[in-house]
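Engineer: Below is a structure I'd like to ask you about.
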Amino acid sequence: MNVLYFAWVRERIGLPKERIDTDAETVADLVHELSAREERYAAAFADLTALRVALDQELSSFDAPLAGVREVAFFPPMTGG
Amino acid sequence: MNVLYFAWVRERIGLPKERIDTDAETVADLVHELSAREERYAAAFADLTALRVALDQELSSFDAPLAGVREVAFFPPMTGG
Amino acid sequence: MRIVVQDAPFDPGAELNGFTVSTQGTGAVVTFTGVVRDLATGDLDVMEIEHYPGMTESALNSIATEAQKRWSLVDVLVIHRYGRLRPGDQIMMVATASRHRKDAFEAAEFLMDYLKSRAPFWKKEITRDGSDWVASKEEDEAALNRW
Amino acid sequence: MRIVVQDAPFDPGAELNGFTVSTQGTGAVVTFTGVVRDLATGDLDVMEIEHYPGMTESALNSIATEAQKRWSLVDVLVIHRYGRLRPGDQIMMVATASRHRKDAFEAAEFLMDYLKSRAPFWKKEITRDGSDWVASKEEDEAALNRW
């Protein structure tokens, strides 16, 4: 699936987008998998309360299942307006 | 004192402004004096709950004293905006 | 603070831009523009607005000054027309500028609520068949209670 | 309903006038314009706004559609910029048109509250000394509870 990062999540991980093949069942599983992979992911995902996730461009939650999802995005709380 | 009329009060009384010499102590006294004078005043002042009064261009009440007042205005509730 | 009472038309867009420039860097600008609505029957010819020269300006000044006391505002603009207007014409406009949106929104609503029931304007609707003074609405008077 | 997400500047006055004409005879038009505020230190060089293309448009559409369900609106306009902005530049604008002022005011406040916390925009403040992502405010999240 495509995984997107925005704002300081993008800066900490060091890229805006990547393709990830995973068997993770939920968003939380994917977060753990990435955090275990490299320090930059662990740094970005250290405090999940400071993060938001969107599945196929809809705001979702970290316990949501990933089955059928094509695009996951991680970012801090929005600050538009 | 100068007495001013606006909107349908002006139309019923038939003039926008007149000079009135009166010993009326309150607005209500003035209203009674005018109503007794001619039918057009009685018609305009028939329902005081449908009227507002301003003394020297400040919203006031019918029991307010007229001592020192130079300009009295009668009109219906405002409908600006 | 700028209070304008005039019979001439005004340009709400130009007013918004001028107001925003004069309060530059403020953060939040809210405007309300009132437009003459046609009647349900579609036959409004003229909306005639009468006012009380002198008292109108002082009432609008008081209302705007009160808004500036209650909220943290960088500036306030009130424009209100009188005379003969037609459907689609702008009647009036208020604009408020503040650092945070809550102040600008609340102050604009407060200005509108007070202007509706406390500024000496009266509207008359004129159609081919005659004319009627617009009646005040209980809900407009009730709207003042929230402030 | 019109939703615009662009990096180019826009003209709030022209947008207000265009919106008012297109909703002619509606009665009440409310706008909110957000302007880049300088920092307290006065040294903001650039406000950079990042967004999530695709999700941004669909989130703004959802918010505007929800406003139209909740209030009696004749039209809704949302414009939001992204990219590099400077102090005094317009960031965004919402406009609502309704027959009665209460609907237009409430819907505009609702749009702003949701847009602040539910549309995928992120602001970064860049000064000569470095850059900082703007932190979300608890009060902005709390503002959603009233709707």
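Residue numbers (my numbering), protein chains in the order written: chain U, 1175 to 1255; chain G, 1175 to 1255; chain F, 3 to 149; chain W, 3 to 149. From the three backbone atoms N, C-alpha and C, an ideal C-beta is built for every residue, glycine too.
Looking only at C-alpha atoms, which of U:G1254, U:P1251 and U:Y1179 sits nearest to U:V1205?
Structural biologist: Stepping through the first sequence from its first residue, residue 1205 of chain U is reached at position 31. Comparing Cα positions, the closest option is U:Y1179.
Engineer: When the Cα of F:D142 is compared with those of W:L79, W:T129, W:V80 and W:H102, which residue comes out closest?
Structural biologist: What you label residue 142 of chain F is simply residue 140 of the third sequence in a count that begins at 1. For the residues W:L79, W:T129, W:V80 and W:H102, the minimum Cα distance to F:D142 belongs to W:H102.
Engineer: For the candidate residues F:H53, F:R4 and F:H82, whose alpha-carbon lies nearest to that of F:P1?
Structural biologist: Because chain F in this structure spans residues 3 to 149, residue 1 of chain F falls outside the shown range and cannot be described.
Engineer: Alpha carbon to alpha carbon, what distance is there between G:Q1231 and F:M57?
Structural biologist: Counted from its first residue, the third sequence places residue 57 of chain F at position 55. Counted from its first residue, the second sequence places residue 1231 of chain G at position 57. Their backbone Cα atoms lie some 5 angstroms apart in a straight line.
Engineer: With DSSP run on the structure shown, which of helix, strand or coil describes F:S100?
Structural biologist: For the purposes of this step, residue 100 of chain F is taken as the residue at position 98 of the third sequence. Strand, per DSSP.
Engineer: So, using beta-carbon positions, are W:S64 and W:S100 closer together than 7 angstroms?
Structural biologist: Here the question's residue 64 of chain W lines up with position 62 in the fourth sequence. Here the question's residue 100 of chain W lines up with position 98 in the fourth sequence. In this structure, W:S100 does not lie closer than 7 angstroms to W:S64 by Cβ.
Engineer: Applying the 10 Å Cβ sphere with the 16-neighbour rule, what's the burial state of W:S138?
Structural biologist: The sequence position of residue 138 of chain W within the fourth sequence is 136, counting from 1. Label assigned to W:S138: buried.
Engineer: Out of curiosity, what's the CA-to-CA distance linking F:F34 and F:E140?
Structural biologist: The sequence position of residue 34 of chain F within the third sequence is 32, counting from 1. The sequence position of residue 140 of chain F within the third sequence is 138, counting from 1. For F:F34 and F:E140, the distance between alpha carbons rounds to 21 angstroms.
Engineer: Taking 7 angstroms as the threshold (beta carbon to beta carbon), is W:F123 in contact with chain F?
Structural biologist: Translated into positions along the fourth sequence, residue 123 of chain W becomes position 121. For W:F123, the answer is no, since every Cβ of chain F falls outside 7 angstroms of its Cβ.
Engineer: Quick one, which residues of the segment 10 to 31 of chain F are near chain W if we go by CB-CB under 9 angstroms, in chain order?
Structural biologist: Within the segment 10 to 31 of chain F, the residues whose Cβ lies closer than 9 angstroms to some Cβ of chain W are D13, P14, G15, A16, E17, L18, N19, G20, T22, V23, T25, Q26, G27, T28, G29, A30 and V31, listed in chain order.
Engineer: Quick check: what's the CA-CA separation for G:P1190 versus G:E1199?
Structural biologist: Taking the first residue of the second sequence as 1, we reach residue 1190 of chain G at position 16. Taking the first residue of the second sequence as 1, we reach residue 1199 of chain G at position 25. The straight-line gap from Cα to Cα measures roughly 23 angstroms.
Engineer: According to DSSP, what are the bridge partners of U:P1239?
Structural biologist: Stepping through the first sequence from its first residue, residue 1239 of chain U is reached at position 65. Answer is U:T1200, bridged to U:P1239.
Engineer: U:M1175 CB to nearest chain W CB: under 7 angstroms?
Structural biologist: In the first sequence, counting from the first residue as 1, residue 1175 of chain U sits at position 1. No, U:M1175 does not count as interfacial toward chain W.
Engineer: Just verifying my parser: in three-state terms, what is the DSSP assignment at F:M114?
Structural biologist: Counting from one through the third sequence, the residue named residue 114 of chain F turns up at place 112. Residue state, collapsed to three classes: helix.
Engineer: What would DSSP say about G:W1182, mapped onto helix, strand or coil?
Structural biologist: Position 8 of the second sequence holds residue 1182 of chain G. G:W1182 falls in the helix class under three-state DSSP.
Engineer: Can you check whether the C-beta of F:M49 is within less than 7 angstroms of a C-beta belonging to chain G?
Structural biologist: Numbered from its first residue, the third sequence carries residue 49 of chain F at position 47. F:M49 does not count as touching chain G.
Engineer: At the level of alpha carbons, what is the spacing between W:I93 and W:A10?
Structural biologist: As a working mapping, residue 93 of chain W is identified with position 91 in the fourth sequence. As a working mapping, residue 10 of chain W is identified with position 8 in the fourth sequence. Approximately 10 angstroms, taken between the alpha carbons.
Engineer: Could you check how far apart the C-beta atoms of W:G29 and F:V37 are, in whole angstroms? I think they sit under 8 angstroms.
Structural biologist: In the fourth sequence, residue 29 of chain W corresponds to position 27, counting from 1. In the third sequence, residue 37 of chain F corresponds to position 35, counting from 1. Correct: roughly 6 angstroms between the Cβ atoms.
Engineer: Would you tell me roughly how many angstroms separate the C-alpha atoms of G:A1210 and F:P55, rounded to the nearest one?
Structural biologist: In the second sequence, residue 1210 of chain G corresponds to position 36, counting from 1. In the third sequence, residue 55 of chain F corresponds to position 53, counting from 1. Taking the straight line from one Cα to the other gives about 29 angstroms.
Engineer: Excluding sequence positions up to five away, which residues of its chain have a Cβ less than 6 angstroms from the Cβ of G:V1201?
Structural biologist: The sequence position of residue 1201 of chain G within the second sequence is 27, counting from 1. Taken in chain order, the residues that qualify are V1227, F1236 and A1238.
Engineer: Using only CA atoms, which one of W:M95, W:I51 and W:R86 lies nearest to W:V31?
Structural biologist: Taking the first residue of the fourth sequence as 1, we reach residue 31 of chain W at position 29. Nearest C-alpha to W:V31: W:M95.
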